[in-house]
Amino acid sequence: MRVAKTTTVQGFVRKRAAARQTFPVHLPRERVVIEPPTACACWGGNRLRKLGEDVTQTLEVIPRQWNVIETVREKFSDCACPYA
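Positions 979 to 1062 (my numbering) are the ones given, in order, by the sequence shown.
Shown next as structure tokens:
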């Protein structure tokens, strides 16, 4: 009868992902606003109010120049829409 050897193995610790940081303030910025719809899609009303905005920053590299492009998607809601 054979007896297998046993060995102790150290556990694996997974590294945490680095948190995203904003781009430095000294870089020039260009703000691109994507136009929202002019009326409520489900209701057809036109009294939209702004709820907020989502901003995505991307880094555009031009030879010897760095620009931060901020893409803004404004959020709106219709005051009279029963579905909003």
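All C-beta atoms in this analysis are idealised placements derived from N, C-alpha and C, irrespective of residue type, glycine included.
Treat the numbers as computed from the prediction; the structure is a model and nothing was measured.
Just the C-alpha distance for residue i and residue j, rounded to the nearest angstrom, thanks.
i: THR1000; j: THR984; result: 50 Å
i: VAL991; j: ARG980; result: 34 Å
i: VAL1010; j: ASN1045; result: 13 Å
In terms of alpha-carbon separation, which member of the options lies closest to residue i?
i: THR1049; options: VAL1039, ILE1040 and GLU1031; result: GLU1031
i: LYS1028; options: CYS1057, ASN1045, GLU1038 and GLN988; result: CYS1057
According to DSSP, is residue i helix, strand or coil?
i: GLY976; result: The structure shown does not extend to residue 976, since the chain spans only 979 to 1062, so no value can be given for it.
i: GLN988; result: coil
i: VAL1003; result: coil
i: ARG1009; result: strand
Assign residue i to buried or exposed, taking buried as 16 or more other Cβ atoms, counted over all protein chains shown, within 10 Å of its Cβ.
i: LEU1037; result: exposed
Could you name the residues of the same chain whose beta carbon sits closer than 6 Å to that of residue i, not counting the 5 residues immediately before and after it, in chain order?
i: PRO1014; result: GLU1052 and PHE1054
i: LEU1026; result: PHE1054 and ASP1056
Ignore the nearest five residues each way along the sequence and tell me which others in residue i's own chain have a CB closer than 8 Å to its CB.
i: ILE1012; result: THR1049, VAL1050, ARG1051 and GLU1052
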